[in-house]
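**Student:**
In our numbering, the protein residues as written are 81 to 222.
1. Alpha carbon to alpha carbon, what distance is there between residue 183 and residue 203?
2. I'd like to confirm the pairing. Which residues does DSSP put opposite residue 109 in its beta bridges?
3. Go through its chain and collect everything with a Cβ distance to residue 104's Cβ below 6 Å, but skip five positions before and after it.
4. What distance in whole Å lies between the Cβ atoms of residue 169 and residue 129, which are believed to be in contact at a cut-off of 8 Å?
5. Can we say the segment 101-116 touches the segment 189-204, given the rule of at least three CB pairs closer than 8 Å?
6. Which stretch, first to last residue, makes up the beta strand (DSSP E) that contains residue 160?
7. With DSSP collapsed to three states, give me the class of residue 92.
8. By alpha-carbon positions, which one of 112, 96 and 199 ends up nearest to residue 124?
9. Assuming the contact rule is C-beta atoms closer than 8 Å, residue 90 and residue 153 should be a hit. Round their C-beta distance to whole Å, please.
10. Measuring only the C-alpha atoms, how far is residue 83 from residue 122?
11. If you draw a straight line from the alpha carbon of residue 200 to that of residue 207, how long is it in whole angstroms?
12. With a 10 Å radius around its C-beta and 16 neighbouring C-beta atoms as the bar for buried, classify residue 133 as buried or exposed.
13. Taking residue 164 as the reference, give the member of 126, 175 and 93 with the closest Cα.
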């Protein structure tokens with residue numbers, strides 16, 4: 081896995097906003113508000129990072145970027161080089177919280193609410209203790 085990638089994104093300036101796509105990465109799409117190129121760049125970086133992260137997790141081959149001169153542009157479109165630093169993306173995805181539903185007896189849930197108990201924190205601590213770990217894992221568990 082590489083730590084850095086750079087691909088050309090195409091920003092299509094339309095009446096309803098900026099549409100973003102990556103010619104080399106079909107399905108890697110984003111958008112931004114009309115006339116907000118800064119938001120478009122940020123959204124393109126996020127889309128590119130998450131798309132590549134998904135490809136890595138699925139063991140897919142990440143293509144080489146096409147040279148700029150090979151990218152065909154329509155009217156109202158501009159090419160923008162978008163780069164992404166994958167260690168930051170990987171860490172952000174791995175440390176993102178996910179919602180899990182668990183069941184408690186009603187009386188226990190009511191007592192915990194009454195005592196203002198942070199059930200999520202207690203569950204995390206108990207699960208780490210049960211699994212014998214102190215730190216977050218460095219791999220994504222799907």
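Note that beta-carbon positions come from the ideal geometry of N, C-alpha and C, so glycine has one too.
**Tutor:** In brief:
1. 12 Å
2. 101
3. 87, 143, 145 and 146
4. 4 Å
5. no
6. 157-165
7. strand
8. 112
9. 7 Å
10. 18 Å
11. 10 Å
12. buried
13. 126
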